[in-house]
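Here is the structure we will look at, set down as structure tokens.
In this note's numbering, the protein residues as written are 410 to 515.
What follows is the structure, encoded as structure tokens:
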């Protein structure tokens, strides 16, 4: 189960796919609408959450959102990342992080 599922609210198809990814998640806060900009979720809580432990993030967004998130998560130990096209401007993706030690080990 994902800790957070992002979807680009500018695309109706993104919400449909995100709802499917969410399945039966009891916590509705897991579904997170964005408008192509990662700044608010990153500053709001993702940066701190990534520092505290492993995360499993999924999304249906533009490729640039995925790229920026993956780049920001690199210091926190990206252990797996996968992306595939879900539409002309949309990509479905998943990123898993782990906590790294000072020597870079997960």
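Ideal Cβ placement from N, Cα and C applies to all residues, glycine included. Just so you know, these numbers come straight off a predicted model, no measurement behind them.
Practice problem: Give every residue of the same chain whose Cβ lies closer than 8 Å to the Cβ of residue 418, excluding the five residues on either side of it in the sequence, and list them in chain order. | Solution: 424, 442, 443, 444
Self-check item: Distance between residue 497 and residue 486 (C-alpha atoms, nearest Å)
Solution: 30 Å
Exercise. Assign residue 450 to one of two classes, buried (16 or more other C-beta atoms within 10 Å of its C-beta) or exposed (fewer than that).
Key: buried
Quiz prompt | Reduced DSSP secondary structure (H/G/I, E/B, other) of residue 514 | solution = Below a pLDDT of 50, predicted positions are generally treated as unreliable, and residue 514, at 47, falls in that range; no measurement from the model is reported.
Quiz item: Helix or strand or just coil, what does DSSP make of residue 538?
Solution: The structure shown does not extend to residue 538, since the chain is modelled only from 410 to 515, so the question has no answer here.
Exercise. Rank 478, 413, 426, 414 by C-alpha distance to the C-alpha of residue 495 and give the top, closest one.
Key: Here the closest residue by C-alpha is 426.
Practice problem: Pick helix, strand or coil for residue 489, following the three-state DSSP scheme. | Solution: strand
Quiz prompt | For residue 491 and residue 503, believed in contact at Cβ under 8 Å, the rounded distance | solution = 5 Å
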